[in-house]
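Step one of this worksheet: look at the structure below.
Number of protein chains: 2
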Amino acid sequence: MLSTTEENYLKALLQLTIEQVDKSEAGTNELAAHLGVKPATANDMLKKLREKQLIHYEKYGKSSLTVEGRKKAIEIVRKHRLWETFLYEHLGFTWDEVHEVAEQLEHIQSSKLIDKLDELLDYPSFDPHGDVIPSATGEMKIPEKKTLNEETVGHQCKMVGVKDNSATFLQYVDKVGLRINQPIKVLARQPYDELIEIEVNGLKSSVSPRFADNIIIVCHDCETQTRTC
Amino acid sequence: MLSTTEENYLKALLQLTIEQVDKSEAGTNELAAHLGVKPATANDMLKKLREKQLIHYEKYGKSSLTVEGRKKAIEIVRKHRLWETFLYEHLGFTWDEVHEVAEQLEHIQSSKLIDKLDELLDYPSFDPHGDVIPSATGEMKIPEKKTLNEETVGHQCKMVGVKDNSATFLQYVDKVGLRINQPIKVLARQPYDELIEIEVNGLKSSVSPRFADNIIIVCHDCETQTRTC
DNA sequence: TATTTTTGTTAGATTAACCTAACATTTATA
DNA sequence: TATAAATGTTAGGTTAATCTAACAAAAATA
């Protein structure tokens with residue numbers, strides 16, 4: 001059984017090595033800064049996690065997760081994102097409120113709890129920030145994010161975020177029925193004025209390219225990289 | 001901000017002093033045994049909690065909660081029981097599974113989380129074990145528990161537990177529509193054979209005194225002691 | 001390449017929560 | 001009431017996670 005602190009180090013290492021492309025290692029100072037501790041503290045923990053065979057680490061070298069460490073880290077990310085989704089969808093938390101509480105909830109130890117939560121949420125693929133929720137088997141699909149304006153006509157996609165946070169824009173978003181995790185169908189694009197016809201939950205709307213440029217989506221039909229651990 | 005351990009000591013002290021009638025103090029050994037630690041450990045913590053003005057404690061004396069300590073303890077019990085209710089009602093956990101996970105969840109720090117959970121559960125008064133859930137304001141009603149057989153005709157009550165755990169009994173319980181937290185109306189008692197007519201969620205049934213003796217209830221209309229902290 | 005800057009390590013200290021072993025006080029009982 | 005038993009306390013030690021300060025290695029740059 002890992003301590004909350006150990007779990008946080010594994011998660012940090014995953015975040016630092018997966019989210020930056022072409023980089024599967026992190027330095028001690030970098031890791032310490034990410035966790036808000038001093039390098040000396042991180043150094044001790046790196047040695048401890050190496051003993052437990054959860055990371056690769058050599059003196060003066062960068063660190064990376066082992067297969068086992070990566071599995072644990074993905075499990076924590078999965079729990080974090082499922083809790084965020086629960087807080088957002090069932091308890092009316094806003095985007096910016098979910099993270100802090102999920103940081104605590106992700107360390108609750110109960111596999112049944114997570115399975116049941118997943119079921120309650122109907123096996124979501126994305127959290128309220130539009131980030132992928134790893135599956136129970138530890139698979140983590142990393143779909144390409146693009147804007148609604150870049151989506152191909154005829155494709156089905158899903159809103160995962162916005163670029164513009166102004167009130168006028170967000171009200172507009174709301175008006176056409178859009179929200180995080182909302183599926184969108186791109187029906188057509190008017191050749192005359194470039195307006196994009198979309199269908200959201202049965203409601204058809206036409207939106208401008210400018211509007212569409214500010215909606216971040218992931219494509220349902222597009223190829224996704226799948227990384228298993 | 002209290003640590004998880006400090007919270008557990010306060011909760012233990014509340015449980016040891018409220019559940020036993022006529023006893024609002026607990027000894028060091030008793031407390032230590034309840035928490036599964038050595039008396040020396042509990043002793044250190046008692047001094048620490050006294051410093052924080054959360055308990056009354058004097059060398060070689062018994063300990064009790066201060067008004068402030070009691071408030072904190074009740075808040076933890078409230079969280080524990082709300083989480084138990086959530087696990088039972090929304091995630092399909094069984095009675096005996098909820099406690100262990102709630103022990104962890106009760107320490108999550110977020111007042112919004114608890115308020116929203118309370119709302120989601122529709123402000124329940126009892127947890128799946130039939131124990132009272134303290135209100136948001138820290139009031140803790142302690143209704144008298146009795147069996148269904150002891151309930152007065154015409155009264156409304158609520159099932160909070162069973163005395164018999166045999167499969168035949170539990171199937172019967174299920175058949176008449178009974179479950180934890182289920183309101184019951186006692187319609188009549190047949191003078192001829194003592195059968196009790198009850199109404200459960202619109203469904204009327206007649207049950208024997210033997211059956212009714214094994215159903216633990218709390219009375220809705222009866223007087224309850226209210227203890228505020 | 002020599003030097004400075006950045007990065008990483010070690011040693012030693014601190015705090016919280018636990019322990020054991022020895023001791024002190026209170027309570028029960030012979 | 002004297003003594004045994006139960007209960008409570010203290011002193012000193014351990015582990016996990018943190019720190020600071022001093023030092024070592026690697027990387028950047030003049």
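These protein sequence lines map, in sequence, to chains S and W.
Note that full-length UniProt numbering has the first sequence beginning at 1, numbered continuously upward.
Note that full-length UniProt numbering has the second sequence beginning at 1, numbered continuously upward.
Just so you know, even glycine gets a beta-carbon here, dropped at the ideal spot from N, CA and C.
Keep in mind it's a predicted model, so treat the numbers as computed, not measured.
Practice item. Evaluate W/Glu144 with the Cβ neighbour count: other Cβ atoms within 10 Å of its Cβ, from every protein chain shown; 16 or more gives buried, anything less gives exposed. Key: Taking the first residue of the second sequence as 1, we reach residue 144 of chain W at position 144. Exposed, since its Cβ has fewer than 16 Cβ neighbours within 10 Å.
Point to revise | Per-residue burial, W/Tyr192 [other beta carbons within 10 Å of its own, 16 or more giving buried] | key: By one-based count along the second sequence, residue 192 of chain W stands at place 192. The residue is exposed, with fewer than 16 neighbouring Cβ atoms inside 10 Å.
Check your understanding: Of the residues that make up the stretch 79-110 of chain W, which ones have a beta carbon closer than 9 Å to any beta carbon in chain S?
Key -> If you check each beta-carbon in the stretch 79-110 of chain W against every beta-carbon of chain S, the ones closer than 9 Å belong to Leu87, His90, Leu91, Gly92, Phe93, Glu97, Glu100, Val101, Gln104, Leu105, His107, Ile108, Gln109 and Ser110.
Point to revise | 7 Å CB neighbourhood of W/Thr66 in its chain, flanking five on each side removed | key: Taking the first residue of the second sequence as position 1, residue 66 of chain W is located at position 66. So the qualifying residues of the chain are Gln53, Leu54, Ile55 and His56.
Practice item. Show which residues of chain W have a CB atom less than 9 Å away from the CB atom of S/Ile116. Key: By one-based count along the first sequence, residue 116 of chain S stands at place 116. Correcting the residue identity first, residue 116 of chain S is Lys in this sequence and not Ile. Residues of chain W with a Cβ closer than 9 Å to the Cβ of S/Lys116 are, in chain order, Leu87, His90, Leu91, Gly92 and Phe93.
Check your understanding: Leaving out five residues before and five after W/Asn181 in sequence, what residues of the same chain have Cβ atoms less than 6 Å from its Cβ?
Key -> Mapped onto the second sequence, residue 181 of chain W falls at position 181. The beta carbon of W/Asn181 sits closer than 6 Å to those of Phe126, all from its chain and outside the five residues before and after it, given in chain order.
Point to revise | Beta-carbon separation (whole angstroms), S/Thr147 vs S/Asp213, contact threshold 8 Å | key: Within the first sequence, the letter at position 147 stands for residue 147 of chain S. Within the first sequence, the letter at position 213 stands for residue 213 of chain S. 5 Å between Cβ atoms; contact.
**Study point:** Cβ shell of W/Leu105 (< 6 Å), same chain only, five flanking positions each side left out
**Key:** Within the second sequence, numbered from 1, the residue matching residue 105 of chain W stands at position 105. Trp83.
Point to revise | For W/Arg210, the three-state DSSP class (helix, strand or coil) | key: The count along the second sequence starts at 1 and reaches residue 210 of chain W at position 210. The three-state reading of DSSP puts W/Arg210 in helix, counting H, G and I together.
Exercise for review: Over the uninterrupted alpha helix (DSSP H) stretch that includes S/Thr94, give me the two end residues.
Suggested key: Translated into positions along the first sequence, residue 94 of chain S becomes position 94. Counting along the chain, S/Thr94 falls outside any alpha helix (DSSP H), and DSSP gives it neither H nor E.
Exercise for review: List the residues of chain W that residue 235 of chain S touches, going by C-beta distances under 7 Å, in chain order.
Suggested key: This structure cannot speak to residue 235 of chain S, because chain S is shown only from 1 to 229.
Point to revise | Short Cβ contact (9 Å threshold) for S/Ala40 with S/Lys62 | key: To locate residue 40 of chain S, count along the first sequence from 1; it is residue 40. To locate residue 62 of chain S, count along the first sequence from 1; it is residue 62. Taking 9 Å as the cut-off, the Cβ atoms of S/Ala40 and S/Lys62 do not count as close.
Practice item. Using alpha carbons as the reference points, say which of S/Ile76, S/Cys219 and S/Ser24 lies closest to S/Thr4. Key: Counted from its first residue, the first sequence places residue 4 of chain S at position 4. The shortest C-alpha separation from S/Thr4 is found at S/Ile76.
Exercise for review: Identify the continuous alpha helix (DSSP H) that holds S/Lys79 and give its terminal residues.
Suggested key: Position 79 of the first sequence, counted from the start, is the residue given in the question as residue 79 of chain S. Counting along the chain, the alpha helix (DSSP H) containing S/Lys79 begins and ends at Val67 to His90.
Point to revise | Buried versus exposed, by CB contacts within 10 Å (16 or more), S/Gly202 | key: Taking the first sequence and counting its residues from 1, the one referred to as residue 202 of chain S is at position 202. Classification for S/Gly202: exposed.
Exercise for review: Determine, using beta carbons only, whether W/Leu113 comes closer than 9 Å to chain S.
Suggested key: Position 113 of the second sequence holds residue 113 of chain W. Interface residue, yes.
Review point. Would you call the CB atoms of W/Pro128 and W/Tyr88 closer than 9 Å?
Key: Residue 128 of chain W sits at position 128 when you count from the first residue of the second sequence. Residue 88 of chain W sits at position 88 when you count from the first residue of the second sequence. Yes, these two residues count as a Cβ contact at 9 Å.
Exercise for review: Give me the Cα-Cα distance between S/Glu7 and S/Ile198, rounded to the nearest whole angstrom.
Suggested key: Numbered from 1 along the first sequence, position 7 holds the residue referred to as residue 7 of chain S. Numbered from 1 along the first sequence, position 198 holds the residue referred to as residue 198 of chain S. Their backbone Cα atoms lie some 42 Å apart in a straight line.
Practice item. Go ahead and pull the three-state DSSP assignment for S/Leu14. Key: Counting from one through the first sequence, the residue named residue 14 of chain S turns up at place 14. Helix.
Review point. Near W/Met140, which residues of its chain fall below 7 Å by C-beta distance, leaving aside the five closest residues on each side in sequence?
Key: Numbered from its first residue, the second sequence carries residue 140 of chain W at position 140. Answer for W/Met140: Ile74, Val132, Pro134 and Arg227, listed in chain order.
Exercise for review: Identify whether S/Thr4 lies in helix, strand or coil by the three-state DSSP scheme.
Suggested key: Position 4 of the first sequence holds residue 4 of chain S. The DSSP-derived three-state label of S/Thr4 is helix.
Check your understanding: Are the Cβ atoms of W/Asp124 and W/Thr85 separated by less than 9 Å?
Key -> Here residue 124 of chain W refers to the residue found at position 124 when the second sequence is read from its first residue. Here residue 85 of chain W refers to the residue found at position 85 when the second sequence is read from its first residue. Note that residue 124 of chain W is Pro in the sequence shown here, rather than Asp. Yes, the pair counts as a contact, with Cβ atoms nearer than the cut-off.
Review point. What do you get for S/Val153, buried or exposed, if any count of 16 or more other CB atoms within 10 angstroms of its CB means buried?
Key: Along the first sequence, one-based indexing puts residue 153 of chain S at 153. Exposed, because fewer than 16 other Cβ atoms sit within 10 Å of the Cβ of S/Val153.
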